[in-house]
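**Q** Dropping a structure here in structure tokens format, bear with me for questions.
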Amino acid sequence: MKGQKIEIDVDPNTGTTSGPNSVQFASYLGTLARDKINILVPSWKEVPQATKDLIWQDILEVYQIEDNAILREKILQHVSTRFRQYKFFLTRVWINGKQKGNSPCDKYNIDPEDWEKFKQVRNDPKWQAIREKAQAIQEHNDAPNLLSRGGYGLLVTNYSKNELKRLKEEAIKFVASQDVVIDPPPPPCHKLWVMARTKSSGEMSSESANQIAKKINELDEQASQGSFVPNGRQDILNTALGRPEHPGRVRTAGVGNQVSEGFLVGGVGAVEETNAWPRVHRGEEGLVGVAYHALARAHSERRRRVAFTTHCWHDSRDTLPLHMNNPRTVSKANAPMVAFKNSAEETLEVKEVKRVCVFSCEIITVHIMEI
């Protein structure tokens, strides 16, 4: 009889894991990559389909994960990353590093003949040229992050826990019920970038990171005053870094999260829409445009309907209309925002607005339906 499966929180769109078992899950993926794939396989593309199927079945037998094509693809991407990291580790430590001349075969259950062939490949002049090129690229990373294995996902989780605790303490301080406090939205990408490079002492990971952080603070202040307006992917972070983002990736989003799977941005009164990824928050200014959280999507032959929730928060209660002073549902007629337009110039009409007030944090949930 098989044991009980381990519970793991998995984002259904990205395959990103969270919760108390997420670090253990990452280690398990590394073990599968090490044990199931021969080190002589050049890359993940050359891994036999039967091996990938076996890895996926092993994951399903150990962890409580829904068996669907999207999650399979995303989680196997993480296995691919672990496989590449494993071979890099063998090269760095056992071929070129402090274990040079020793054998990892017994420790990692590697066939001795495969190990000798692997060393020949990694010592080949063609491979050395690839390695030197990669090292040259890495030298340009003068603002390294300080993230643990949990990456940005763990950073956001810890931030959310601390922020939720702070909000509850503030609610109690003002003799309010904790029930009015909802989970705070994740910080915007530029703040995540700074958090990932800040030491416990408050210092940045490098002088370059320090200069970029200063630029981010300046742009953040300018944005709050209206002198700088983020536009699409040219947001605070990309402007501060001074270089464009990779076309298919999202900075601070972590492995497996691509712009094609949901890069929702927007300023006041605008919704620029893609396929909806709920954990990337780019919009930052105004009553609308702080964060877009996709809830559901449906397609029909005649027209498409999109339903999603927008979380908006503010530093001052005075910026909101008086009729929004108490936590309650308000009608479309007295909602503080009426309609938005997406990138296709289709009108998005507000159907319902719910607001929760937690003193210094104004949180509004807006249900919008395309008409």
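All residue numbers for the sequence shown refer to the working numbering, where the first residue is 6 and numbers rise by one.
Cβ atoms here follow ideal geometry from the backbone N, Cα and C, with glycine treated the same way.
Would Ala148 and Ser206 qualify as a contact pair, given that the criterion is a beta-carbon distance under 8 Å?
**A** What you label residue 148 is simply residue 143 of the sequence shown in a count that begins at 1. What you label residue 206 is simply residue 201 of the sequence shown in a count that begins at 1. Not closer than 8 Å, so no.
**Q** Please say whether Pro189 and Glu168 have beta carbons closer to each other than 8 Å?
**A** As a first step, residue 168 is located in the sequence shown; it is residue number 163 there, counting from the start. As a first step, residue 189 is located in the sequence shown; it is residue number 184 there, counting from the start. In contact: Glu168 and Pro189 (Cβ atoms closer than 8 Å).
**Q** To the nearest angstrom, how far is it from the Cα of Glu175 to the Cα of Ile80?
**A** Taking the first residue of the sequence shown as position 1, residue 175 is located at position 170. Taking the first residue of the sequence shown as position 1, residue 80 is located at position 75. Going by the C-alpha atoms only, they are around 39 Å apart.
**Q** Does the distance from the CB of Trp99 to the CB of Asn107 come in under 8 Å?
**A** Your numbering for residue 99 matches position 94 in the sequence shown. Your numbering for residue 107 matches position 102 in the sequence shown. For Trp99 and Asn107, yes; Cβs fall inside 8 Å.
**Q** Helix, strand or coil: how does DSSP classify Glu208 here?
**A** As a working note, residue 208 is residue 203 in the sequence shown. Coil, per DSSP.
**Q** On the DSSP bridge assignment, give the partners of Val15 in chain order.
**A** Here residue 15 corresponds to residue number 10 of the sequence shown, with the count starting at 1. Beta-bridge pairing links Val15 to Thr22.
**Q** Give the single residue among Lys50, Val46, Glu78 whose Cα lies nearest to the Cα of Pro17.
**A** Indexing the sequence shown from 1 puts residue 17 at position 12. The option with the nearest alpha carbon to Pro17 is Glu78.
**Q** Have a look at Lys50 and Thr56 and give me their C-alpha separation to the nearest angstrom.
**A** In the sequence shown, the residue the question calls residue 50 occupies position 45. In the sequence shown, the residue the question calls residue 56 occupies position 51. Each residue's alpha carbon lies about 12 Å from the other.
**Q** Give a yes or no on contact between the stretch 159-168 and the stretch 122-132, applying the rule of three or more CB pairs nearer than 8 Å.
**A** No contact exists between the stretch 159-168 and the stretch 122-132.
**Q** Anyone know if the C-beta pair for Lys10 and Val67 falls short of 8 Å?
**A** Residue mapping note: residue 10 aligns to position 5 of the sequence shown, counting from 1. Residue mapping note: residue 67 aligns to position 62 of the sequence shown, counting from 1. Taking 8 Å as the Cβ cut-off, Lys10 and Val67 qualify as a contacting pair.
**Q** Regarding Gly155 and the ligand FAD, is the C-beta to nearest heavy atom distance less than 7 Å?
**A** With respect to small molecules bound, the structure shown includes none, and the ligand FAD cannot be examined in it.
**Q** Name the DSSP bridge partner or partners of Asn236?
**A** Walking along the sequence shown from the start, residue 236 turns up at place 231. According to DSSP, which records beta bridges pairwise, Asn236 is partnered with Gln239.
**Q** Have a look at the DSSP bridge pairing and note the partners of Asp36.
**A** Position 31 of the sequence shown, counted from the start, is the residue given in the question as residue 36. Looking at the sequence itself, residue 36 is Thr, so the reference to Asp does not match. According to DSSP, which records beta bridges pairwise, Thr36 is partnered with nothing at all.
**Q** Rounding to the nearest angstrom, what Cα-Cα distance links Ser153 and Ala201 in this structure?
**A** Here residue 153 refers to the residue found at position 148 when the sequence shown is read from its first residue. Here residue 201 refers to the residue found at position 196 when the sequence shown is read from its first residue. Roughly 9 Å separates the two Cα atoms.
**Q** Once DSSP output is grouped into helix, strand and coil, what is the label at Gln54?
**A** As a first step, residue 54 must be located in the sequence shown, where it is residue number 49. Looking at Gln54 - three-state DSSP - the assignment turns out to be helix.
**Q** Identify which residue in Leu246, Lys92, Lys112 has its Cα closest to the Cα of His145.
**A** Along the sequence shown, read from residue 1 onward, the residue named residue 145 stands at position 140. Checked all of Leu246, Lys92, Lys112; the closest Cα to His145 is Leu246.
**Q** Do you know how far the Cα of Asn128 is from the Cα of Asn73?
**A** Locating residue 73 in the sequence shown gives position 68, where the first residue counts as 1. Locating residue 128 in the sequence shown gives position 123, where the first residue counts as 1. Looking at the two C-alpha atoms, the distance is approximately 41 Å.
**Q** Give a yes or no on whether the C-beta atoms belonging to Arg87 and Leu34 are separated by under 8 Å.
**A** The count along the sequence shown starts at 1 and reaches residue 87 at position 82. The count along the sequence shown starts at 1 and reaches residue 34 at position 29. Yes, Cβ-Cβ distance for Arg87 and Leu34 is below 8 Å.
**Q** Spell out the partners DSSP gives Tyr68 in its beta bridges.
**A** Looking up residue 68 in the sequence shown gives position 63. For Tyr68, which the question treats as bridged, DSSP gives the partners Ile11.
**Q** What distance in whole Å lies between the Cβ atoms of Val28 and Gly156, which are believed to be in contact at a cut-off of 8 Å?
**A** On the sequence shown, position 151 is the one that residue 156 refers to. On the sequence shown, position 23 is the one that residue 28 refers to. Actually they are not in contact, since the Cβ atoms of Gly156 and Val28 sit about 10 Å apart, beyond 8 Å.
**Q** List the DSSP bridge partners of Thr203.
**A** Walking along the sequence shown from the start, residue 203 turns up at place 198. Answer is Met209, bridged to Thr203.
**Q** State the CB to CB distance for the pair Thr21 and Gly158, rounded to an integer number of angstroms; the pair is presumed to be in contact (CB under 8 Å).
**A** For the purposes of this step, residue 21 is identified with residue 16 of the sequence shown, where counting begins at 1. For the purposes of this step, residue 158 is identified with residue 153 of the sequence shown, where counting begins at 1. Going by Cβ atoms, the distance from Thr21 to Gly158 rounds to 5 Å, so yes, they are a contact pair.
**Q** Following the continuous alpha helix (DSSP H) through Pro130, name the residue where it begins and the one where it ends.
**A** Walking along the sequence shown from the start, residue 130 turns up at place 125. From DSSP, the alpha helix (DSSP H) with Pro130 extends over 130-143.
**Q** If you scan the stretch 59-122 from start to end, which runs of the alpha helix (DSSP H) of 4 or more residues do you find wholly inside it?
**A** Segments of the alpha helix (DSSP H) lying fully in the stretch 59-122: 74-94, 110-113.
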